[in-house]
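S.K.:
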Amino acid sequence: MFDNEPPDETDYRIIDHPNVIATPHIAGATFEVEDHHVAIMNKALIQWFANGSRNIRELANRQILPTPVNG
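Residue numbers for the sequence shown follow my numbering, so the first one is 263 and each next one is one higher.
In structure tokens, the structure reads:
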């Protein structure tokens with residue numbers, strides 16, 4: 263991943279180096295990473311919906327979410 267997207271002049275100094283093969287975002291395209299992300303998301307959804315918890319580390323903007331109604 264580059265410091266800037268799209269890469270800026272500083273990034274291109276590294277990208278253009280003869281000993282560098284730049285592959286932005288390719289590490290996130292494996293089945294293992296996708297499975298891991300799904301597991302994190304499912305755990306967060308269970309905590310929020312089933313337990314009514316907003317104290318979830320991966321949950322962004324928790325202050326604007328209503329507390330779910332269990333039913």
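The beta carbon of each residue, even a glycine, is placed where N, CA and C say it ideally should be.
How far does the alpha helix (DSSP H) with E296 in it extend, from its first residue to its last?
M.R.: Note, E296: alpha helix (DSSP H), 293-307.
S.K.: Thinking C-alpha only, which one of N281, T285, P280, H279 is nearest E267?
M.R.: Answer by Cα proximity: T285.
S.K.: Keeping to the same chain, check which residues put their C-beta closer than 8 Å to that of P280; ignore five residues upstream and five downstream.
M.R.: For P280, where only same-chain residues beyond five positions count, there are no Cβ hits under 8 Å.
S.K.: Please report the straight-line C-alpha distance between R275 and A291, rounded to a whole angstrom.
M.R.: Distance between the alpha carbons of R275 and A291 is about 25 Å.
S.K.: Return the first residue and the last residue of the alpha helix (DSSP H) that I277 is part of.
M.R.: It spans 271-277 - the alpha helix (DSSP H) in which I277 sits, taken as one unbroken run.
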